[in-house]
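Visitor: Here it is, the structure, as structure tokens.
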Amino acid sequence: MNLTELKEQIKHRWPDARCEVDAASSTCEVNCSRAALPELCGRLFLGWNFSFASLIVEEGASEWQLRYCFYGDREAGWVHVLATAPLAEKTFPSIVKFVHAADWHEREAEDLFGLLFEGHPRLGDFILHDDAWQENVEPMRRHFDAQAAMLHRKPDADWRPRRIVQEAGAFVMPVGPKFSGVTESVHFLLETVGEDVIRSTPRLFYKWRAIEKLAEGKTADEVLLVAERFAATTAFAHGLAYCQAVERICGAKIPARAKILRVFLAELERLRQHAGAIQEICESTALVVANSQAGILEEDLLRISGELTGHRYLFGLLALGGLLCDLPNDACRRALEKSQHTLKQLNELEKRLRVSSSFLDRLEEVGIVAHQNAMAYGLLGPIARASGLVRDLRKAQPYLGYENIEFDVPSEQEGDGYARLRILFAEAKQSVRIMEQAVAVLQKGGVRQPLLLRAGAALGWVEAPRGGTFHWVRLNESGRIARYRVVTPSFANWHGFHLSVEKFAFQDFPIMLSTFDLSVAENDR
Amino acid sequence: MSQWVITGLRTGIKTTVYPRGAERAPGVTPGLPCGGAFDAAPGKVLVDCCPTHVFSQINGTVSADTRRCIHCYRCVRGIEHPAGWEQTYEWATVRSPSESPNEFIPAFKRSIHICVVDAGDCGACLNEVKQLNNPYYNMHRLGFFITPSPRHADVLLVVGPVTDHMRVALKKTYDAMPTPKRVVAVGACALTGGVFSESFVCAKGVADVLPVDVEVPGNPPPPLAILHGLLLAVGRKPPASLVSTSSEMETNAANL
Chain A
147 MNLTELKEQI KHRWPDARCE VDAASSTCEV NCSRAALPEL CGRLFLGWNF
197 SFASLIVEEG ASEWQLRYCF YGDREAGWVH VLATAPLAEK TFPSIVKFVH
247 AADWHEREAE DLFGLLFEGH PRLGDFILHD DAWQENVEPM RRHFDAQAAM
297 LHRKPDADWR PRRIVQEAGA FVMPVGPKFS GVTESVHFLL ETVGEDVIRS
347 TPRLFYKWRA IEKLAEGKTA DEVLLVAERF AATTAFAHGL AYCQAVERIC
397 GAKIPARAKI LRVFLAELER LRQHAGAIQE ICESTALVVA NSQAGILEED
447 LLRISGELTG HRYLFGLLAL GGLLCDLPND ACRRALEKSQ HTLKQLNELE
497 KRLRVSSSFL DRLEEVGIVA HQNAMAYGLL GPIARASGLV RDLRKAQPYL
547 GYENIEFDVP SEQEGDGYAR LRILFAEAKQ SVRIMEQAVA VLQKGGVRQP
597 LLLRAGAALG WVEAPRGGTF HWVRLNESGR IARYRVVTPS FANWHGFHLS
647 VEKFAFQDFP IMLSTFDLSV AENDR
Chain B
2 MSQWVITGLR TGIKTTVYPR GAERAPGVTP GLPCGGAFDA APGKVLVDCC
52 PTHVFSQING TVSADTRRCI HCYRCVRGIE HPAGWEQTYE WATVRSPSES
102 PNEFIPAFKR SIHICVVDAG DCGACLNEVK QLNNPYYNMH RLGFFITPSP
152 RHADVLLVVG PVTDHMRVAL KKTYDAMPTP KRVVAVGACA LTGGVFSESF
202 VCAKGVADVL PVDVEVPGNP PPPLAILHGL LLAVGRKPPA SLVSTSSEME
252 TNAANL
């Protein structure tokens, strides 16, 4: 179904909705009444096979605007469903009945804007922890001062998390926020009656740095620094998504060489991140030699990145309108050769892991995420592809000229830990394949086209190593950020993480955590 | 299982010569900007181009407070007179040598247990700490071990600017550690707050919450810089005499 057909369908079912199709950006904006929201979104998500990307709340001068972004396969394009309400009315119908993927988006909006979503089964205690924040703080509202000094509140010692399992003998095993060796800060409430985890509730946002609030009022270039640095293991992907949003607002034309170099660097980052994820999986299964081997490969790739660009995590390369500096062709070729060599070793490692029975025992049929669940939760990236959900933004909604590059999107059906590991290995191969093509077509030319900033708003999207990331940017007349909304793949995947843990034994918990390759920094923002 | 043993043996020794010698492999460090002699006009451009105010200009000399550097490369890329850049990695500095009340017993200096707390880090610093366990850096050979429990820890290694939600957990972890103990703050965010700086949910770094002994600048600092910081914290590397650029700058600023 293309956008014109879609418009007809929507007109037919919801005569009151106003549809505007923008062919250039293949986006259909649908203005509908608040009451029509759940069914319209539900039809898109469940009926017409659109994926849910983002819920963007904007506080205008006199009204709320809620924008639900959906994307389909290539010809289907983007659908933005918009609903408005006067500022005094803060109630919207919840769409989670049909679009479960929007669950955490609505909880976030409730916490930060004070909006109410009627029909949502569980609001409260999300970003602002109930034991630390008083009621009625709405930090994302315009009148809230982000620079105000931190309030030194006294934590509420009597606060207790909600418990689901009520059987006799049931207890909660709290884990975190500081746990294990070198881990990001997150808290888990594992409910159990003995050996198996029955319910797992991750309590996140210990690392909430409120980057969406901090960005407001800053210049576009200053926010690029934040976009690169809030989740630095995938810094390039997030910086790129932000740049693409701003460049789309300004109608910028990016030099061809900059585009190809961006592809090259994005795939180098994916390769490095996947090697890191493989190392974590080897570590969690206590396979010492494999852990060391994967550790060597990750460090090799960090050094390749460092040698090519100066920075091991690819900071300071992106600029609005291209790249901050050019990379010499022979340096790119050298980086490619080294990456190919690393890939060869990665393949060797894979071959050995595939015949190590003790290793496979711990991954196979462990932490299974069923296809329907992955779909309902809107899981993204390698995790989704391991459960047979193949949509990849590089194919579905191509950017940077990915449509001209040959590569496959690997997918598996089992949805267990081993399937997720196989996806990581398969994607690493594809990344090198893309890098080879990028180096082959490197042409001469500049790498940066200065931007003329202008007011407007746009969405930038990138298939980051962990899955799709969506950055919504609104610039005001003076070229400063009026609204910055970031949705990351870890935000979607943490939402579905409990699916893999429940009904499995405690000792498998670290393995499931590592096969999910979740970033807390990316989720907490 | 024998294939793994053979694979391990065939890989050979990958471990860096540091701290016995200098590591010269490419890509082990992003380097840091340094000051130098600049004319008034290009010097001012340099001072203004830095989003985190690393540079200050005094009488034709530009000096750099590397604690603030977030590796945005605005001072070297796309600028007519770029700042100097040093590909070093021994960046750690002792914050307040006079205020170290308790010394580690010399015999314990070679078995140090480290508790790592993520207080709002972006993932990069933590990933670099994780690299210390890979065969390239292998910090076990130097007697450094990571422990999950603060009760067993001698050194508290903190990454991140300290978010509001992590403040209590960080303090509790510190209090649970037996004395003598050291606090090592790793990364620009842990030193100055970095790009997240002071806001309603973020402190200006670890020093706002805990007494910090050793600071490791960089965004993120490479594994070798973190290793240098650890060696400094337990007194196995002497604090360099000229490393404290920040305090130097403060005195300079006071003289102005």
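Residue numbers (my numbering), protein chains in the order written: chain A, 147 to 671; chain B, 2 to 257.
Note that CB positions come from ideal geometry on N, CA and C, so glycine has one too.
If you're wondering where the values come from, they're calculated on a predicted model, not measured in any experiment.
(1) Where DSSP assigns a beta bridge to residue 338(A), which residues make up the other side?
(2) Counting only runs of 4+ residues fully inside the region 379–405 of chain A, write out the alpha helix (DSSP H) ranges in chain order.
(3) Which partner residues of residue 64(B) appear in the DSSP bridge assignment?
(4) Determine the closest residue to residue 344(A) out of 584(A), 316(A) and 453(A), with distance taken between C-alpha atoms.
(5) Does residue 351(A) have its Cβ less than 8 Å from a Cβ in chain B?
(6) Can you check whether the C-beta of residue 19(B) is within less than 8 Å of a C-beta belonging to chain A?
(7) Could you spell out the range, first to last residue, of the alpha helix (DSSP H) harbouring residue 603(A)?
(8) When burial is assigned at 16 or more other CB atoms within 10 Å of the CB, is residue 26(B) buried or exposed?
(9) Please return the same chain residues whose Cβ sits closer than 6 Å to the Cβ of residue 571(A), not counting the five positions on each side in sequence.
(10) Measure the alpha-carbon distance for residue 3(B) versus residue 186(B) and round it to whole angstroms.
(11) Using DSSP's beta-bridge definition, name the partner residues of residue 239(A).
(12) Does the separation of the CB atoms of residue 90(B) and residue 229(B) fall below 8 Å?
(13) Please go through the same chain and pick out, in chain order, the residues whose beta-carbon is closer than 7 Å to the beta-carbon of residue 599(A), but skip the five residues on each side of it.
(14) Along the alpha helix (DSSP H) that carries residue 174(B), what are the first and last residues, could you check?
(15) By the criterion of Cβ-Cβ separation under 7 Å, what are the contact partners of residue 611(A) in chain B?
(16) Can you list, in chain order, the residues of the region 432–443 of chain A whose Cβ is nearer than 9 Å to any Cβ on chain B?
(17) So, does the CB of residue 449(A) fall closer than 8 Å to a CB anywhere in chain B?
(18) Residue 253(A) and residue 238(A) - do their beta-carbons sit closer together than 8 Å?
(19) Determine whether the Cβ of residue 445(A) lies closer than 8 Å to any Cβ atom of chain B.
(20) Is the CB of residue 356(A) under 8 Å away from at least one CB in chain B?
(21) With C-beta atoms as the reference, is residue 177(A) less than 8 Å away from residue 261(A)?
(22) Based on Cα-Cα distance, which residue from 147(A), 359(A) and 472(A) lies nearest to residue 589(A)?
(23) So with CB distances below 9 Å, who are the chain A contacts of residue 92(B)?
(24) Leaving aside the five residues before and after residue 467(A) along the sequence, list all residues of the same chain whose C-beta is less than 6 Å from its C-beta, in chain order.
(25) Going straight from the alpha carbon of residue 256(B) to that of residue 476(A), what length do you get?
(26) Taking the alpha carbon of residue 392(A) as the point to measure from, which residue in 167(A), 420(A) and 628(A) has its own alpha carbon closest?
(27) Sort 498(A), 532(A), 550(A) and 192(A) by Cα distance to residue 7(B) and report the nearest one.
(28) For the region 76–91 of chain B against the region 122–142 of chain B, are there 3 or more C-beta pairs whose distance is under 8 Å?
(29) Measure the alpha-carbon distance for residue 289(A) versus residue 51(B) and round it to whole angstroms.
(30) So for residue 211(A), helix, strand or coil by DSSP?
(31) Taking its Cβ as the centre, do 16 or more other Cβ atoms sit within 10 Å of residue 319(A), making it buried, or is it exposed?
(32) Looking at C-alpha atoms only, which residue of 251(A), 291(A), 328(A) and 248(A) is the closest neighbour of residue 114(B)?
(33) Does any CB atom of chain B fall closer than 8 Å to the CB of residue 161(A)?
(34) Could you tell me which chain B residues have their CB closer than 8 Å to the CB of residue 196(A), listed as they occur along the chain?
(35) Going by alpha carbons, who is nearest to residue 565(A) out of 576(A), 582(A), 584(A) and 530(A)?
(36) When you check each C-beta in the region 3–17 of chain B against every C-beta of chain A, which residues fall closer than 9 Å?
Guide: Taking the structure as given:
(1) 317(A) and 343(A)
(2) 381–396
(3) 57(B)
(4) 316(A)
(5) yes
(6) no
(7) No alpha helix (DSSP H) contains residue 603(A), which is instead part of the beta strand (DSSP E) from 602–610.
(8) exposed
(9) 496
(10) 42 Å
(11) 264(A)
(12) yes
(13) 366, 396, 621 and 625
(14) 165–177
(15) The contacting residues do not exist; residue 611(A) stays about 12 Å from chain B at best.
(16) 433, 434, 435, 436, 437, 438, 439, 440, 441 and 442
(17) yes
(18) no
(19) yes
(20) yes
(21) no
(22) 472(A)
(23) The contacting residues do not exist; residue 92(B) stays about 14 Å from chain A at best.
(24) 398, 594, 595, 596 and 597
(25) Residue placement at residue 256(B) is poorly supported in this model, since its pLDDT is 39, which falls under 50; the coordinates still yield a value, given next. About 49 Å.
(26) 628(A)
(27) 498(A)
(28) no
(29) 30 Å
(30) strand
(31) exposed
(32) 328(A)
(33) no
(34) In chain order: nothing, as chain B lies at least about 30 Å away.
(35) 530(A)
(36) 4, 5, 6, 8, 9, 12 and 15
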